[in-house]
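Colleague: Numbering (the UniProt record's numbering), first residue to last: 1 to 179. Ideal Cβ positions, reconstructed from N, Cα and C, are used throughout, including at glycine. Just so we're clear, the structure is a prediction, and the values are computed from it rather than from any experiment. Got a structure for you, questions after.
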Amino acid sequence: MITRTVSKNPRTTRGDLVNDLQRAGTKVTKATISNTLRRQGLKSCSARCVPLLKPVHVQAHLKFAREHLDNPEEDWENVIWSDETKIELFGTGRLIRVKERMNGAMYREILSDNLLPSARALKMKRGWVFQHDNDPKHTAWATKEWLRKKHFKVLEWPSQSPDLNPIENLWRELKVCVA
1 MITRTVSKNP RTTRGDLVND LQRAGTKVTK ATISNTLRRQ GLKSCSARCV
51 PLLKPVHVQA HLKFAREHLD NPEEDWENVI WSDETKIELF GTGRLIRVKE
101 RMNGAMYREI LSDNLLPSAR ALKMKRGWVF QHDNDPKHTA WATKEWLRKK
151 HFKVLEWPSQ SPDLNPIENL WRELKVCVA
């Protein structure tokens with residue numbers, strides 16, 4: 001039961017498992033749960049701490065939501081959502097090795113090689129909009145200037161807002177299904 005539960009829902013905590021087993025009539029400790037999972041080759045980890053939103057971030061989220069509240073669904077279908085994750089269902093696709101930490105120049109090169117082909121492959125309508133977060137390499141003057149010169153429209157994005165990007169909610173689920 002322990003392995004099956006964790007395999008179905010990797011976010012299950014040891015405490016959840018202890019409670020589930022106690023309800024089923026079996027008394028165990030968190031240490032027993034950990035040992036059982038470890039023997040099955042499963043590792044536990046803690047959720048990464050993320051910064052709490054400051055009032056200025058909350059206001060920016062609210063402003064963004066109000067500005068886009070009445071956008072028709074078709075507008076959102078015309079957005080290329082981006083993030084630093086790639087998943088290929090059939091094979092590895094095109095592999096790119098990045099030996100050092102990515103900087104603005106590398107990011108622009110990736111956009112140069114992939115943004116238009118992606119828009120074509122996705123059959124985006126004319127006037128599509130590109131979304132990326134506020135990572136420093138995305139907001140660097142040279143990147144903004146490159147996007148402007150290429151006439152790419154960019155969706156203004158509030159800082160500290162990964163939760164607004166619908167693709168963020170999909171990654172974990174997709175990775176679990178594909179793995």
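(1) In angstroms, rounded to a whole number, what distance separates the CA positions of N78 and E100?
(2) What is the DSSP secondary structure of K99, reduced to helix, strand or coil?
(3) Does the region 51 to 70 come close enough to the region 101 to 119 to have 3 or more Cβ pairs within less than 8 Å?
(4) For the region 7 to 19 against the region 31 to 44, do three or more pairs of beta-carbon atoms, one drawn from each stretch, fall closer than 8 Å, so that the two count as touching?
(5) Would you say I167 and W128 are within 8 Å of each other, going by their C-beta atoms?
(6) Which ranges would you report for the alpha helix (DSSP H) in the region 10 to 39 if only whole runs of at least 4 residues count?
(7) Using three-state DSSP, classify F64 as helix, strand or coil.
(8) When you compare the CB of A140 with every CB in chain B, is at least one pair closer than 8 Å?
(9) With distances taken between CB atoms, is the gap from D83 to N165 smaller than 8 Å?
(10) So, for K153: in the same chain, excluding its five sequence neighbours on each side, which residues have a beta-carbon less than 6 Å away from its beta-carbon?
(11) Return the bridge partner residues of I80 from the DSSP annotation.
(12) With burial defined as no fewer than 16 other Cβ atoms inside 10 Å of the residue's Cβ, what is the status of A3: buried or exposed?
(13) Alpha carbon to alpha carbon, what distance is there between L21 and T29?
(14) Measure the alpha-carbon distance for C177 versus R11 and round it to whole angstroms.
Modeller: Reading off the structure:
(1) As a working note, residue 78 is residue 78 in the sequence shown. As a working note, residue 100 is residue 100 in the sequence shown. Computed Cα separation, rounded: 33 Å.
(2) Here the question's residue 99 lines up with position 99 in the sequence shown. K99: coil per DSSP, three-state reduction.
(3) They do not touch, by the three-pair rule.
(4) yes
(5) As a working note, residue 167 is residue 167 in the sequence shown. As a working note, residue 128 is residue 128 in the sequence shown. No. Outside cutoff.
(6) 14 to 23 and 30 to 39
(7) For the purposes of this step, residue 64 is taken as residue 64 along the sequence shown, with counting starting at 1. Residue state, collapsed to three classes: helix.
(8) Looking for chain B here will not work: only one protein chain is present.
(9) Here residue 83 is taken as the residue at index 83 of the sequence shown, counted from 1. Here residue 165 is taken as the residue at index 165 of the sequence shown, counted from 1. For D83 and N165, yes; Cβs fall inside 8 Å.
(10) The sequence position of residue 153 within the sequence shown is 153, counting from 1. Here the set comprises V129.
(11) Here residue 80 refers to the residue found at position 80 when the sequence shown is read from its first residue. Answer is F130, bridged to I80.
(12) Numbered from its first residue, the sequence shown carries residue 3 at position 3. It should be pointed out that residue 3 corresponds to Thr in this sequence rather than to Ala. Label assigned to T3: exposed.
(13) Numbered from its first residue, the sequence shown carries residue 29 at position 29. Numbered from its first residue, the sequence shown carries residue 21 at position 21. Between T29 and L21, the C-alpha separation is close to 10 Å.
(14) The residue labelled residue 177 in the question sits at position 177 within the sequence shown. The residue labelled residue 11 in the question sits at position 11 within the sequence shown. Roughly 14 Å between the two C-alpha positions.
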